Amino acid sequence: MKELLKEQSAKAALILHPTDNVAVVVADIDKGDECIIRRVDGSEYAVQAQNDVKFGHKIALADIAKDAPVIKYGEEIGRMEVAIKKGDWIHNHNMCCSRGM
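Per full-length UniProt numbering, the very first residue in the sequence shown carries number 1; after that it's consecutive.
This is the structure:
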């Protein structure tokens, strides 16, 4: 079990729903790192991190325009306050959260 967790945490991020446009990183990612994106069906692909991304934060899976929705869990969780590129860090500094609205 420890080996599986160690393997899964190495520069990886998880897509929680097939329609998500963000993934959640499972270990700190440094700018320039290749982040392995794991889909719910088990398939994987790589995205280059454009910023440092901390454990539990989101990384963009595609370019996202200003005012476009951020999709996580298959649901809109907020909207972008600025346009971002694939591999960018997404957090409250560049997105407006829908929570509590």
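From the three backbone atoms N, C-alpha and C, an ideal C-beta is built for every residue, glycine too.
Here the structure is a predicted model, which means the values were calculated and not measured.
Query, Result
"What's the gap between the Cα of residue 14 and the Cα of residue 78?", "19 Å"
"Among the residues of its own chain, which have a CB less than 7 Å from the CB of residue 98, if the five just before and after it don't count?", "76, 77 and 78"
"Between the beta-carbon of residue 16 and the beta-carbon of residue 37, is there less than 8 Å?", "no"
"Going by DSSP, what residue range makes up the beta strand (DSSP E) through residue 37?", "34 to 38"
"Just to confirm, are residue 10 and residue 55 a CB contact at a threshold of 8 Å?", "no"
"Could you check where the beta strand (DSSP E) with residue 44 kicks off and where it finishes?", "44 to 48"
"Smallest Cα separation from residue 20: which of 70, 52, 31 and 91?", "70"
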